[in-house]
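Numbering (our numbering), first residue to last: 6 to 298. Before any comments, here is the structure.
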């Protein structure tokens, strides 16, 4: 499997975060020295172990966490000076557990809740619900009871509810958590299509290092509430020792090549992130050895 081809980046900044400090009520430091920018159309990952600050940072971007020192700007406006309505017209947060977010008896009622409360006519609401369910590959499910859906389907309905409101920025907390390997891939494929085909800007928190290299444009590693490293995935996963320090590991294929190089002396030039890249690196290394021989 090869990485998704990245889109050409724009200069339009949708979210700008400059949080100097945020503490929980008990005094625990949750975020510190956070500085990052999310550009229009980017697919960005926040990677870190449990307790690293990923969810808190997402909530700050969504305006749910406000008592911090610093600023979070949405389209160059401080989110703390925007009304909830002004924020939620543009930004939506999907919780890790969909049962914390879904509340209506049926799929249609849940997805329709947002558009109805935004004042759209019933005909327009129905159109938006149908379009959103199609976007998440759940068309034909509008009459289904929420409690009869699988965990993965519930996550898709949460996303559909935000799409129906016209959100341009999606913040997702561990969207692949609780899914089997195929479910993880399908979720990432869905998010990639929304990003590439619909132009939705996406920021997702994750601890899954094996999926990250395939889909994301930018990656920020969080550790103890701070950004330890940031950049394109292929630049992030070049320092195994640094990954270990923040309680993360390399993607499995990169870990294999790293051990072959370190423990067996194989002369690899770089750490591949996918099977395809590993195959090319192995073939290149062996051909180089044959030519020298």
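Beta carbons are placed, not taken as given, at the ideal position from N, Cα and C, and that holds for glycine.
query = Contact check, residue 178 vs residue 63 under 8 angstroms by CB: the rounded distance?
reply = As a working mapping, residue 178 is identified with position 173 in the chain shown. As a working mapping, residue 63 is identified with position 58 in the chain shown. Their Cβ separation, rounded to whole angstroms, is 6 angstroms, which keeps residue 178 and residue 63 in contact under 8 angstroms.
query = Apart from the five residues just before and just after residue 37, which ones in its own chain have a Cβ nearer than 6 angstroms to its Cβ?
reply = The residue given as residue 37 occupies position 32 in the chain shown. Excluding positions up to five away in sequence, the list reads 26, 230, 231.
query = Among residues of its own chain, excluding the 5 on either side of residue 41, which ones have a beta-carbon nearer than 7 angstroms to its beta-carbon?
reply = What you label residue 41 is simply residue 36 of the chain shown in a count that begins at 1. Answer for residue 41: 22, 225, 232, 235, listed in chain order.
query = Just the Cα atoms here: how many angstroms apart are residue 190 and residue 96?
reply = Position 185 of the chain shown, counting from 1, holds the residue named residue 190. Position 91 of the chain shown, counting from 1, holds the residue named residue 96. Whole-angstrom Cα-Cα distance: 24 angstroms.
query = CA-CA distance, residue 210 and residue 278?
reply = Within the chain shown, residue 210 is the residue found at index 205, counting from 1. Within the chain shown, residue 278 is the residue found at index 273, counting from 1. Looking at the two C-alpha atoms, the distance is approximately 19 angstroms.
Residue 166 - DSSP class collapsed to helix/strand/coil = Reading the chain shown from its first residue, position 161 is the one you call residue 166. In this structure, residue 166 counts as helix in the three-state DSSP scheme.
Opening and closing residue of the beta strand (DSSP E) in which residue 226 lies = Mapped onto the chain shown, residue 226 falls at position 221. Segment 223-228, the beta strand (DSSP E) holding residue 226.
ask   = Which one of 99, 165, 259, 65 has the shortest CA to CA distance from residue 84?
value = For the purposes of this step, residue 84 is identified with residue 79 of the chain shown, where counting begins at 1. The shortest Cα separation from residue 84 among 99, 165, 259, 65 belongs to 65.
inquiry  = I'd like to confirm the pairing. Which residues does DSSP put opposite residue 88 in its beta bridges?
reply    = Here residue 88 corresponds to residue number 83 of the chain shown, with the count starting at 1. Answer is none; residue 88 lacks a bridge partner.
inquiry  = Can you tell me whether residue 203 is buried or exposed? The criterion is at least 16 other CB atoms within 10 Å of its CB, across all chains shown.
reply    = Counting from one through the chain shown, the residue named residue 203 turns up at place 198. So residue 203 counts as exposed.
request  = Please list the segments of the beta strand (DSSP E) lying wholly inside the stretch 52-106, counting only runs of 3 or more residues, in order along the chain.
outcome  = 74-79, 96-99
ask   = Going by alpha carbons, who is nearest to residue 201 out of 228, 173, 183?
value = Here residue 201 is taken as the residue at index 196 of the chain shown, counted from 1. Residue 173 is the option with its Cα nearest to residue 201.
ask   = Leaving out five residues before and five after residue 34 in sequence, what residues of the same chain have Cβ atoms less than 6 angstroms from its Cβ?
value = On the chain shown, residue 34 is found 29 positions in, with the first residue counted as 1. 28, 230.
query = Taking the continuous beta strand (DSSP E) assigned at residue 234, which residues delimit it?
reply = The residue labelled residue 234 in the question sits at position 229 within the chain shown. Counting along the chain, the beta strand (DSSP E) containing residue 234 begins and ends at 231-236.
message = Using only CA atoms, which one of 250, 119, 245 lies nearest to residue 257?
response = Reading the chain shown from its first residue, position 252 is the one you call residue 257. Taking only the C-alpha atoms, the option nearest residue 257 is 245.
Inter-stretch contact (C-beta, 8 angstroms, three-pair minimum) for the stretch 107-116 and the stretch 129-139 = yes
request  = Determine the closest residue to residue 59 out of 130, 176, 156, 71, with distance taken between C-alpha atoms.
outcome  = Against the chain shown, residue 59 aligns to sequence position 54. Closest option to residue 59, Cα to Cα, is 176.
ask   = Measuring from the CB of residue 29, is there a heavy atom of the ligand HEM at a distance below 7 angstroms?
value = The ligand HEM is not part of the structure shown, which contains no ligands of any sort.
request  = Look at the Cβ atom of residue 43, then the Cβ atom of residue 20, and state whether they are nearer than 8 angstroms.
outcome  = Start at 1 with the first residue of the chain shown, and residue 43 comes out as number 38. Start at 1 with the first residue of the chain shown, and residue 20 comes out as number 15. In contact: residue 43 and residue 20 (Cβ atoms closer than 8 angstroms).
key: Spatially closest choice to residue 104 from 274, 155, 39, by CA coordinates   = For the purposes of this step, residue 104 is taken as residue 99 along the chain shown, with counting starting at 1. Of the candidates 274, 155, 39, the one whose C-alpha sits nearest the C-alpha of residue 104 is 155.
query = Tell me, which residues are paired with residue 40 by DSSP?
reply = Position 35 of the chain shown, counted from the start, is the residue given in the question as residue 40. According to DSSP, residue 40 bridges with 23.
task = State the Cα-Cα distance for the pair residue 182 and residue 101, rounded to the nearest angstrom.
result = Against the chain shown, residue 182 aligns to sequence position 177. Against the chain shown, residue 101 aligns to sequence position 96. So the alpha carbons of these two residues sit roughly 7 angstroms apart.
request  = For residue 137, name the three-state secondary structure that DSSP assigns.
outcome  = The residue given as residue 137 occupies position 132 in the chain shown. Here residue 137 sits in helix by DSSP.
ask   = What are the boundary residues of the alpha helix (DSSP H) that residue 194 is part of?
value = Position 189 of the chain shown holds residue 194. Here the alpha helix (DSSP H) through residue 194 covers 186-203.
message = On a Cα-Cα basis, can you pick out the residue from 270, 148, 284, 255 that is closest to residue 213?
response = Residue numbering aside, residue 213 sits at position 208 when the chain shown is read from its first letter. Closest option to residue 213, Cα to Cα, is 255.
inquiry  = Only counting the same chain, and skipping five residues up and downstream in sequence, which positions put a Cβ closer than 7 angstroms to that of residue 45?
reply    = The residue you call residue 45 lines up with position 40 of the chain shown. Once the five neighbours on either side are set aside, the close Cβ partners of residue 45 are 15, 17, 19, 206.
task = Excluding the 5 residues preceding and the 5 following residue 111 in the sequence, name in chain order all residues of the same chain whose CB lies nearer than 8 angstroms to its CB.
result = Counting from 1 along the chain shown, the entry for residue 111 is found at position 106. Within the same chain, residue 111 has close Cβ partners 147, 148, 149, 150, 151.
message = Tell me the residue span of the beta strand (DSSP E) that contains residue 116.
response = The residue given as residue 116 occupies position 111 in the chain shown. Element bounds for residue 116: not the beta strand (DSSP E) but the alpha helix (DSSP H), 112-122.
request  = Hey, could you find the ends of the alpha helix (DSSP H) residue 219 is sitting in?
outcome  = As a working note, residue 219 is residue 214 in the chain shown. Its alpha helix (DSSP H) spans residues 217-220.
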